[in-house]
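What follows is one structure encoded as structure tokens, with my remarks underneath.
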Ligand SMILES: Nc1ncnc2c1ncn2[C@@H]1O[C@H](COP(=O)(O)OP(=O)(O)OP(=O)(O)O)[C@@H](O)[C@H]1O
Ligand SMILES: [Mg+2]
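Residue numbers (our numbering), protein chains in the order written: chain A, 1246 to 1506; chain B, 2 to 265.
Below you can see the structure in the form of structure tokens.
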């Protein structure tokens, strides 16, 4: 427990120590996470990349308190988060917009559950920033994949939590929109001083956004941690800088070793 | 605007055209055969004869239709409210489910024809026993559909909303109940088609008014054309009620109507 406490400034926003997670499906035990260690400092932007099925979403579910680990410690802001929901804002891989609610009604779900006034006005003011202007009253099935993800992102931001867990939020976007959304997310992150734990398959995206990038192995362990040595604010031109290219080489090599295993 | 109207028309034609054509074809065949064979009217009247006798009887049918519709609608409403309340209780308390469900299923094995006279003995020949028969018939499909619907909510969706800090009550009101709406409406549609038949059966066993009574009198006096005319009225009423539920469903749950549209 001592590893998880300390003075306030040094307390990480998220800390995982020796975390294991298993699923039992029809008597078959699947170990999704094996001895995972990870920390995200306050205000830090950290990405996790890894092959499909390595346990990235499982890890976010554990931190969000939706599932419980079979072993290990998980702390959010220095306090155990095992089984505790509502400590972080979690954006799951599937957008999970409620089909019976319009874009606006979906976006305000968090504030609505807490009974906050003026929530609709707050959400409306953000709509065009999220590329959803004119779609406030549209049901999810009328939105494009990218719009659905942006609506889910708006819902996540409006939860007003210090820490955001984002599970492949830009997966359904074309390269161009994706680039815009990345810059937009960095803007939000700087402006609101949030902590972000970001899951992606895209190595360049991870490097461009993050302070540090973790690589997960197929067996559900953290096999590599790379600090990204690029100044802030990030610019597109940096993607050709030597330290970017070096980081990309290291990460790709590590990922490639996984797929060839 | 004009193009929209045309496309709506075309869609209706595509949706309902085949059924209408088939019905017209069958009626035509019936007409031709019954004329060719020269079937006596009391055995099987031709559709044109039924139409004519319907015309004659129409002014007399009014109060009977009103009585039947009243019983069907009141029984349906009673069934709807109590079925949803019971379904919520079954969903909430495992004990309620284990206690009530077997009873509910058993109750469905009791033939309505046996029940209707009993209710008439207990409650007389007024509106009440009819309403109760209709309610009993309509109750089951709505309960089963609602209980199923309440369990059908997406687990990840529930996790997400719970993770946002929702209480159990909020989870029920904001996720599970709306998620159940499409199944509740399916159950309501099935119940709607049962409701008129339920009322007719109840009237059959004893009534001073209603289509069931009219049917009984017509068949007792071998007015076969009248019997068929009433059967047609019963069918039309059932279809109309079904259509009403469909319409209500589209209004209450616009997202499901759109889903069906894209699924085609
Ligand atoms: N609810 C569940 N029941 C059983 N097994 C599960 C469940 N959820 C995930 N798993 C298993 O756990 C492992 C990790 O799954 P997870 O969804 O965390 O992977 P992921 O890294 O997010 O993959 P992707 O990049 O494809 O989203 C997989 O082998 C998966 O089959
Ligand atoms: Mg995943």
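Glycine included, each C-beta is placed from N, C-alpha and C at the ideal position.
Tell me where the alpha helix (DSSP H) around residue 165(B) begins and ends.
From DSSP, residue 165(B) is part of no alpha helix (DSSP H); its letter is neither H nor E.
If contact is defined by three or more beta carbon pairs under 8 Å, each pair taking one atom from either stretch, is the stretch 116 to 129 of chain B in contact with the stretch 197 to 216 of chain B?
yes
Residue 1270(A) CB to nearest heavy atom of ligand 1 below 7 Å:
yes
Can you find a C-beta in chain A that's less than 8 Å from the C-beta of residue 165(B)?
yes
Which one of 231(B), 73(B), 174(B) has the shortest CA to CA distance from residue 134(B)?
73(B)
Considering just the uninterrupted stretch of the alpha helix (DSSP H) at residue 1274(A), what are its terminal residues?
Unbroken run through residue 1274(A) is the beta strand (DSSP E), 1273 to 1285; no alpha helix (DSSP H).
Is there a Cβ of chain A sitting closer than 8 Å to that of residue 7(B), yes or no?
No, no contact with chain A.
Measuring straight from C-alpha to C-alpha, what distance separates residue 265(B) and residue 141(B)?
Note that residue 265(B) has pLDDT 43, beneath the 50 cutoff, so the model's placement of it is unreliable and no number is given.
Residues that residue 1446(A) contacts on chain B, provided the C-beta gap is smaller than 9 Å
Under the 9 Å cutoff, chain B gives no residues; its nearest Cβ is about 20 Å from residue 1446(A).
Kindly indicate which three-state DSSP category residue 70(B) falls into: helix, strand or coil?
helix
So the alpha helix (DSSP H) residue 1468(A) belongs to, where does it begin and stop?
Careful: residue 1468(A) lies outside any alpha helix (DSSP H), inside the beta strand (DSSP E) at 1467 to 1472.
Between residue 1476(A) and chain B, is any beta-carbon pair separated by less than 8 Å?
no
Ligand 2 and residue 1338(A): does the residue's C-beta get closer than 7 Å to at least one heavy atom of that ligand?
Between ligand 2 and the CB of residue 1338(A), the shortest heavy atom gap is smaller than 7 Å.
Under 7 Å by beta carbon: chain A residues contacting residue 157(B):
Within chain A, the residues placing a beta-carbon under 7 Å from that of residue 157(B) are 1337, 1339, 1341, ordered along the chain.
According to DSSP, residues forming a beta bridge with residue 1324(A)
Answer is 1321(A), bridged to residue 1324(A).
Which of the three DSSP states is assigned to residue 201(B) in this structure?
helix
Specify, as a first and last residue, the run of the beta strand (DSSP E) that residue 1409(A) falls within.
1408 to 1412
Three-way DSSP call (helix, strand, coil) for residue 1479(A) in this model:
coil
Hey, is residue 1384(A)'s beta-carbon within less than 8 Å of any beta-carbon in chain B?
yes
For residue 1541(A) and residue 1262(A), which I take to be in contact (beta-carbon distance under 8 Å), what is that distance rounded to the nearest angstrom?
Past the edges of chain A, shown from 1246 to 1506, lies residue 1541(A), and the structure says nothing about it.
Using the beta-carbon of each residue, which ones in chain A are nearer than 7 Å to residue 160(B)?
1311
By Cβ distance, which residues of its chain are closer than 8 Å to residue 223(B), with the 5 residues on each side in sequence left out?
43
Would you tell me roughly how many angstroms separate the C-alpha atoms of residue 1392(A) and residue 1376(A), rounded to the nearest one?
7 Å
Taking the continuous alpha helix (DSSP H) assigned at residue 1449(A), which residues delimit it?
1448 to 1454
Please confirm if the stretch 48 to 60 of chain B is in contact with the stretch 224 to 236 of chain B, defined as three or more CB-CB distances below 8 Å between the two stretches.
yes
By Cβ distance, which residues of its chain are closer than 7 Å to residue 1330(A), with the 5 residues on each side in sequence left out?
1309, 1310, 1311
From the beta carbon of residue 1330(A), is the nearest beta carbon of chain B less than 8 Å away?
yes
Check whether the Cβ atoms of residue 147(B) and residue 84(B) sit closer than 8 Å, and answer yes or no.
Going by C-beta atoms, residue 147(B) is nearer than 8 Å to residue 84(B).
Would you say residue 254(B) reaches chain A, if we count a Cβ-Cβ gap shorter than 8 Å as a contact?
yes
Short-range partners of chain B found in the stretch 1350 to 1379 of chain A, where Cβ spacing is below 9 Å:
1354, 1355, 1357, 1358, 1359
Using the Cβ count rule (16 or more neighbours within 10 Å means buried), how would you classify residue 221(B)?
Per the 10 Å Cβ criterion, exposed.
Measuring CA to CA, which of 1287(A), 1282(A), 1414(A) is closest to residue 1337(A)?
Looking from the CA of residue 1337(A), the closest CA among 1287(A), 1282(A), 1414(A) belongs to 1414(A).
Between residue 164(B) and ligand 3, is the CB less than 7 Å from at least one heavy atom?
By its list of ligands, the structure shown excludes ligand 3, since it contains just ligand 1 and ligand 2.
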